[in-house]
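Numbering (UniProt numbering), first residue to last: 1 to 246.
No residue lacks a Cβ here, since even glycine has one placed at the ideal position from N, Cα and C.
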């Protein structure tokens, strides 16, 4: 009697009918005194817009055909050990949650139900819940970028390269006296030229020496790790991850 029993219905007239039938049941049913009964609370809305941060349920029944793309959404409404019964792909399906990310599925019988009505968002095509998810993921990505930038320091990715030194060749001027005429010429010192060439080759080898490549670290999904470390209920974390497994 102290549990939580929610009934979600899109149409207001169906809610009024359900309230009338509940009142009749409480007044006239013999079963009311034989069993503990948690009176349901009826809410007008779309069951596909339940917030992921709401309480999870021990039992969930859906009276309309669930599209395949909404299967994971419905399954995440369950607690571990909870049971979900819903029409899925023209089959009445029983799903038991056996762990945080594991379920057991059993097809019961063939049925025909009208499909769930899709949420109608006239503003931007996205609900406030979807917009909140986008904003939260964007904020976390900015924090990851800031942390990465601070770890890399000034952002230099490549090690500094050695500057190539310019070597100037010195030439020796000589004056030769021949038959009272003076001839000025520039004669290179072969020893000095050889030394310069050796220095230039050493510098070239130093510059062209390949920098050892670092082995790339295995890729990690930092965004996923950040979301999973948040102090939030598991259903909300899975919603922020778009129910992705990796």
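Boundaries of the alpha helix (DSSP H) around residue 150: 128-151. By the Cβ test, the stretch 72-88 is in contact with the stretch 47-62, since at least three Cβ pairs between them sit closer than 8 Å. If you keep only unbroken alpha helix (DSSP H) runs of at least 4 residues inside the stretch 27-82, you get 71-75. Assigned with DSSP and collapsed to three states, residue 246 falls in coil, not helix or strand. Shown here for residue 5: same chain residues with a beta carbon closer than 8 Å to its own, the five before and five after excluded, namely 38, 39, 40 and 41 in chain order. Here residue 228 has 237 as same chain residues with Cβ atoms under 7 Å from its own Cβ, once five neighbours each way along the sequence are excluded. Contact between residue 46 and residue 119 holds: their C-beta atoms lie close to 5 Å from each other, under 8 Å.
Rounded to the nearest whole angstrom, the C-alpha separation of residue 2 and residue 36 is 9 Å. Annotated three-state conformation of residue 90 is coil, per DSSP.
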